[in-house]
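Each remark here refers to the structure printed beneath this line.
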Amino acid sequence: MIELQRKEECCGCTACASACPVNCIEMQEDQEGFKYPQINKDQCINCHKCETVCPVINRPVQGEKPTAFLARTKDTELLQKCTSGGVFTEIAREMVEHGGIAYGVVYGEKFKVQHERIEDLADIEKLPGSKYVQSDVGKIFSQVKKDVEDGKRVVFCGTPCQVAGLKNFLGKKRDNLLLIDLVCHGVPSPKLWKSYVELIEEKHGELAYANFRSKRLGYHVSVMEERFASGKSQIGSARTNLMSKCFFQNAADRPICYDCPFKTISRCSDLTIFDGWHATEYVDGLKDDDKGYTIILTQSEKGKRFVENAKDLILYEIDTDRAISLDGKMAVASVLRPASRAEFYELLEQRGIEDTVQALFPISKKDYMIEKSKLILDKAGILQKVKRMRG
Ligand SMILES: Cc1cc2nc3c(=O)[nH]c(=O)nc-3n(C[C@H](O)[C@H](O)[C@H](O)COP(=O)(O)OP(=O)(O)OC[C@H]3O[C@@H](n4cnc5c(N)ncnc54)[C@H](O)[C@@H]3O)c2cc1C
50 MIELQRKEEC CGCTACASAC PVNCIEMQED QEGFKYPQIN KDQCINCHKC
100 ETVCPVINRP VQGEKPTAFL ARTKDTELLQ KCTSGGVFTE IAREMVEHGG
150 IAYGVVYGEK FKVQHERIED LADIEKLPGS KYVQSDVGKI FSQVKKDVED
200 GKRVVFCGTP CQVAGLKNFL GKKRDNLLLI DLVCHGVPSP KLWKSYVELI
250 EEKHGELAYA NFRSKRLGYH VSVMEERFAS GKSQIGSART NLMSKCFFQN
300 AADRPICYDC PFKTISRCSD LTIFDGWHAT EYVDGLKDDD KGYTIILTQS
350 EKGKRFVENA KDLILYEIDT DRAISLDGKM AVASVLRPAS RAEFYELLEQ
400 RGIEDTVQAL FPISKKDYMI EKSKLILDKA GILQKVKRMR G
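Read in order, the letters of the sequence shown are residues 50 to 440 in the numbering used here.
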């Protein structure tokens, strides 16, 4: 039976709860809002399945050294909605178009960040965009298993720990399943996100749209964008946006993220995806149009075949080591645990997100002025020019 001595021993993937043959494991939220397995010891039959499938205890086998591609969707409208080059959403669309199933992360009720099963093309529009919060996996692993065993073609996208957990849970190699993991910085808790949503709704009314990485000011000026039912909208970078600030300060991540066991170049997935910030440095003559590219590492022949045959992906094969050294540092390194992590969630509980940010990493008047100047330059139509001049 899984008995956690330290929070750092659990990534919250749900493999243990999904594999338990007597359903005696429940994922329960702790004070910080992260879920951990709680075992009903009276019901446990000591089969040890939970330990066998735990990806922290048993890391699934990795592939060979991957091939790297710089990629983006050909669909310019979709590209604008996606975080980088829209690779996952494009693959999901292709899968669903051909009768398959896509599992990805969407906003559910009250903007809860959760994994969802998608079989209708109309629902693909829920997928674009990274949501920088640990997603609620719910009972998704069992649904994936059923779909795969029913012979359906399935694509699943998640953090490296979620993908490793799913792989262990499924056990056997599955030809009809494509696993995609992200390069993951680390995940803040859903409780933080909930308190942020409550705060902005208190100030501006019902939230209608959220995008952690909007391209409204271009791919290279990453901003959080929110729109409200009232028609009002706001954008802000990690300099001034409370939620982005918490994420990029690394003060709110799940404890295991500070020493993540899944930080490797070769992985158990079929594809690994991350931001292609340095696109023009990989491909001769490529112009940076500031619309975003994704880097894909193909971790298996199946993954490589899939992307090479995807009709709506633009692909350039690039050097893997260069891709890792320029853009993939977070593929191999965990974020550092800042001193502020120790009191972050206690302060959040006592004083809310606004006061917590002001107490731990305050937003200055200068920050607001820099942010405002970006909007003024954008309105004047010269933000891109100034960005290019500043290199
Ligand atoms: C928590 C988190 C941290 C990240 N950290 C980094 C980083 O440090 N460096 C880097 O280069 N890239 C990072 N990424 C990946 C990056 O943000 C892009 O997701 C990636 O470049 C793919 O972009 P895309 O346009 O191809 O994806 P899109 O087509 O926009 O699809 C994004 C897909 O990502 C999945 N996803 C979104 N949110 C989550 C979530 N909370 N949990 C699991 N899966 C999710 C969904 O299935 C979603 O459909 C991170 C992503 C997440 C979710």
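Just so it is clear, CB atoms sit at the ideal spot from N, CA and C, and this is done for glycine as well. On a predicted model such as this, the values are computed, not experimentally measured, just so you know.
In the assembly as shown, E78 is an exposed residue. Its beta-carbon has fewer than 16 other beta-carbons within 10 Å. Straight-line measurement puts the Cα of D339 at about 48 Å from the Cα of K98. Per DSSP, the beta-bridge partners of M76 are P86. Rounded to the nearest whole angstrom, the C-alpha separation of G112 and T208 is 17 Å. A direct Cα-Cα distance of roughly 13 Å separates V182 from C62. The C-alpha of I402 lies about 28 Å from the C-alpha of E75. DSSP places G285 in the uninterrupted beta strand (DSSP E) bounded by S282 to G285. For E247, the enclosing alpha helix (DSSP H) begins and ends at P239 to H253. Each residue's CA atom was taken as its position, placing V332 and A68 some 45 Å apart. Shortest gap from the CB of Q211 to any heavy atom of ligand 1: under 8 Å. The three-state reading of DSSP puts R262 in strand, counting E and B together. According to DSSP, residue pairing for E274 in a beta bridge involves N260 and I284. The beta carbons of I106 and R288 sit no closer together than 9 Å. In this structure, ligand 1 has no non-hydrogen atom nearer than 8 Å to the beta-carbon of A68. Counting only residues of its own chain and dropping the five nearest sequence neighbours on each side, L426 has a CB closer than 6 Å to the CB of L432 and V435. The C-alpha of C210 lies about 25 Å from the C-alpha of D199. Distances from the alpha-carbon of E330 to those of R371, E58 and M379 put R371 closest. Straight through space, the alpha carbons of I88 and A301 are spaced by roughly 26 Å. Here the region 314-330 lies against the region 129-146, with 3 or more beta-carbon pairs under 8 Å apart.
If you check the CB distance, L320 and Q348 come in under 9 Å. Judged by DSSP secondary structure, V182 falls outside any beta strand (DSSP E); it is assigned neither H nor E.
By the CB criterion at 9 Å, E247 and N260 fall outside the cutoff. Per DSSP, the unbroken beta strand (DSSP E) holding G207 starts and ends at V203 to G207. Distances from the CB of P177 to the heavy atoms of ligand 1 include at least one below 8 Å. With 16 or more other Cβ atoms inside 10 Å of its own Cβ, P109 counts as buried. Three or more Cβ pairs closer than 8 Å define a contact, and the region 382-394 meets that threshold against the region 404-413.
Put simply, the region 232-246 does not touch the region 118-130. Fewer than three CB pairs are less than 8 Å apart. Here N95 is exposed: its Cβ has fewer than 16 other Cβ atoms, across all protein chains shown, within 10 Å.
DSSP places E58 in the helix class (H, G or I) of the three-state scheme. The distance from the Cβ of Y156 to that of F205 is about 18 Å, inconsistent with a contact at the 8 Å cut-off.
Going by DSSP, Q407 is part of the alpha helix (DSSP H) stretching over R390 to L409. Per the DSSP secondary-structure output, E366 pairs in a beta bridge with F118. The alpha-carbon of V162 is positioned some 22 Å away from that of Y307. With a cut-off of 8 Å, the C-beta of H97 is classified as distant from ligand 1, since no heavy atom of the ligand falls inside that distance.
Pairing R316 with P115 gives a Cβ-Cβ distance under 9 Å. Within the DSSP secondary-structure output, Q163 pairs in a beta bridge with V155 and D185.
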